[in-house]
Amino acid sequence: MDLRIASPTSALTATQLARRATAPQAGTEAVGGGFSTAFKNALQAVSSAQHRAAGLQQEVQLENPNVSLEETMVAMQKAQVGFQATLHVRNRMVQAYTDIMNMQV
């Protein structure tokens with residue numbers, strides 16, 4: 008399962024994304040939703056990876072010969088890595104919000 012975010016900017020390099028972020032926003036509506044859409048898509052991808060891993064776990068426990076233990080372990084690791092990445096993004100967002108709220112005006 009591919010945990011990459013499926014958006015128009017997913018094929019861009021970090022340098023291109025940095026240039027796009029610092030460029031003037033002429034047509035923001037046409038970009039595709041920005042960060043909130045990307046974060047929502049990432050959450051949905053992590054959720055589907057977790058559901059797939061849970062389903063594979065159940066099939067292994069029921070001794071389904073069509074599901075291998077290796078495939079199940081890889082799916083579980085992908086779900087865990089996706090969840091950890093999402094958790095780090097959330098923590099950074101909360102920290103940024105806290106920093107902004109603590110700024111003196």
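Everything in the sequence shown is counted per our numbering, starting at 8 for the first residue and increasing by one. We put the beta carbon where it would ideally sit given N, CA and C, even for glycine. Computed from a predicted model, the values in this text were never measured in an experiment.
Buried or exposed: which applies to residue i, given that a residue is buried once 16 or more other Cβ atoms fall within 10 Å of its Cβ?
i: T79; result: buried
i: L69; result: exposed
i: K47; result: exposed
Quick check: what's the CA-CA separation for residue i versus residue j?
i: A106; j: N73; result: Per the sequence presented here, residue 106 reads as Asp, with Ala not at that position. Approximately 51 Å between the Cα atoms of the pair.
i: Q102; j: A92; result: 15 Å
i: S17; j: M100; result: Unreliable placement is indicated for S17, whose pLDDT of 47 sits below 50; no coordinate value is reported for it.
i: G62; j: V81; result: 13 Å
Suppose contacts are defined by Cβ-Cβ distances below 8 Å. Is residue i in contact with residue j by that definition?
i: A60; j: M83; result: yes
i: L90; j: Q64; result: The sequence shown places Phe at residue 90, rather than the Leu named in the question. Taking 8 Å as the Cβ cut-off, F90 and Q64 do not qualify as a contacting pair.
Just confirm the distance between the C-beta atoms of residue i and residue j, as a whole number of angstroms; I'd bet it's less than 8 Å.
i: L76; j: V88; result: Contact flag wrong, Cβ pair sits at about 19 Å.
Do we get a CB-CB distance below 8 Å when we pair residue i with the residues of chain D?
i: V96; result: Here there is only one protein chain, and chain D is not present.
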